[in-house]
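Undergrad: Before I ask anything, let me first share the structure, which is written out below as structure tokens.
In UniProt numbering, the protein residues as written are 1 to 419.
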């Protein structure tokens, strides 16, 4: 009798409980589910994964909250029961949803990336408070355990400053519309702050690549001569320095005899960039220009003097924009080359002082600087050192052009081909 009752109970359970396939739902999406009995109560296994709302006696809305699996048990008023497995799809569409949220909040430099079994939110923001805000925003919709963060504040953002020091014909600066005596206007329309006799100008809309192409074209037409092209890397809020020049010996005489003192000669540049909340870059540029100022007589001997001038300017620009500095070295410095020992050997300036154009005042020393954000390199774009290596045999015999199979196999056996 007990066996009969158990069997009957099992049959009744099968009659009123239907085996259901899992209901797939995307995160933040809703699906309607209908049953053929009057709904009494509904119980969900993991409210963190999915939730529901009863619409009427036969229908409920089920919406996914976070990735995972759970089930819903729907009980009928007449003792019916329906168990519904639910699978909230893993990260399908989540990255798009998060990116839309971030863009609407103004975080255009932050992106959500689908990593397969998790989401990584990566990018650069202005402050640490922005990082906390993004985490709170995302966690309103998604489980914290399923999301990883790779966020950096702009204080850790690095900036590359590409510097080109060149002797440029004054015809070029006039053609570009650069008037050293009138100041200039930056690309966003705000006046540059210029002080101390330093002349500055923006090169509107010109990136480093296009600037380099332009300078190379000028050089081919004998209108420019590139003297040096250093690149500086600096962290937001810090200072990068560049010294173009060297030291020269200055003889000094006194009652105790003669002494030699080494003095700096040339141009020292300090760049202090600060990233603004609108992703533009404000940069204070200080320049120290040291050059021969003349001579003084001491016991019938002419001794050179060094004049040092400190000037400053402030610029505001966008990523990839360039600006120009001029008025750094006077054209009359070439006259001292044969009078001051070591002056002709100073890097960069030795070649400048030998220029007929500079000596005659037809050219001048100009410094172009381009600022760029340093962006991380994707791991799949990094080239290995030997990625495109070919052996000397391959090059000499043009082996890569061999199409005959047996010939290629013979060459490989002889180690003439690197695989």
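Ideal Cβ positions, reconstructed from N, Cα and C, are used throughout, including at glycine.
Give every residue of the same chain whose Cβ lies closer than 6 Å to the Cβ of residue 191, excluding the five residues on either side of it in the sequence, and list them in chain order.
TA: Low local confidence applies: a pLDDT of 35 at residue 191 is under 50, so the model's placement there is unreliable, and no value is given.
Undergrad: Please list, in chain order, all residues of the same chain as residue 102 whose beta carbon is under 6 Å from its beta carbon, the five residues on each side excluded.
TA: Answer for residue 102: 110, listed in chain order.
Undergrad: Measure the CB-CB distance between residue 234 and residue 249 and report whether it falls below 7 Å.
TA: No, these two residues do not count as a Cβ contact at 7 Å.
Undergrad: Got a sec? Which residues, its chain only, sit under 6 Å from residue 290 by beta carbon, not counting five neighbours each side?
TA: If we look at residue 290 and ignore the five residues flanking it on each side, its Cβ neighbours are 264, 265, 306, 308.
Undergrad: Is there at least one non-hydrogen atom of the ligand NAP closer than 6 Å to the beta-carbon of residue 103?
TA: Only the bare structure without any ligand can be found here, which leaves the ligand NAP out of the picture.
Undergrad: Going by CA-CA distance only, name the one from 81, 55, 134, 372 that's closest to residue 107.
TA: When each option's Cα is compared against that of residue 107, the closest is 134.
Undergrad: What's the gap between the Cα of residue 104 and the Cα of residue 25?
TA: Going by the C-alpha atoms only, they are around 25 Å apart.
Undergrad: Would you decide whether residue 34 is buried or exposed? Buried here means 16 or more other CB atoms lie within 10 Å of its CB.
TA: Burial call: exposed.
Undergrad: Distance check for residue 370 and residue 258, CA to CA, integer angstroms please.
TA: Whole-angstrom Cα-Cα distance: 45 Å.
Undergrad: Rounded to the nearest angstrom, how far is the Cβ of residue 228 from that of residue 245, given a contact under 8 Å?
TA: Not quite, the Cβ-Cβ distance comes to about 10 Å (not below 8 Å), so this is no contact.
Undergrad: Output the distance between the C-alpha atoms of residue 226 and residue 313, rounded to the nearest integer angstrom.
TA: Going from the Cα of residue 226 to the Cα of residue 313 covers about 23 Å.
Undergrad: Whose CA, out of 327, 373, 375, 374, lies closest to the CA of residue 363?
TA: Ranking the options by Cα distance to residue 363, first place goes to 327.
Undergrad: Label residue 420 either buried or exposed according to how many other C-beta atoms from any shown protein chain fall within 10 Å of its C-beta, with 16 as the threshold for buried.
TA: The structure shown does not extend to residue 420, since the chain is modelled only from 1 through 419, so no value can be given for it.
Undergrad: Cα separation between residue 61 and residue 67?
TA: In a straight line, the C-alpha of residue 61 is about 18 Å away from that of residue 67.
Undergrad: Tell me which same chain residues have a C-beta within less than 8 Å of the C-beta of residue 281, skipping the five on either side of it?
TA: So the list reads 159, 273, 274, 275, 316, 317, 318, 319, 371, once near-sequence residues are dropped.
Undergrad: I'd like the span of the alpha helix (DSSP H) that includes residue 131, first residue to last.
TA: From DSSP, the alpha helix (DSSP H) with residue 131 extends over 128 to 139.
Undergrad: Applying the criterion that 16 or more other CB atoms from any shown protein chain within 10 Å of the CB defines a buried residue, is residue 64 buried or exposed?
TA: Per the 10 Å Cβ criterion, buried.
Undergrad: Going by C-alpha to C-alpha distance, which of 321, 256, 48 sits closest to residue 69?
TA: Looking at the Cα atoms, 48 is the closest of the given residues.
Undergrad: With DSSP as the reference, identify every bridge partner of residue 241, one or two as the case may be.
TA: Partner(s): 270.
Undergrad: Within 10 Å of its beta-carbon, does residue 43 have 16 or more other beta-carbons around it, so buried, or fewer, so exposed?
TA: Residue 43 comes out exposed.
Undergrad: Under 6 Å Cβ to Cβ from residue 270, same chain only, skipping five residues before and after it: list those, please.
TA: So the qualifying residues of the chain are 239, 241, 286.
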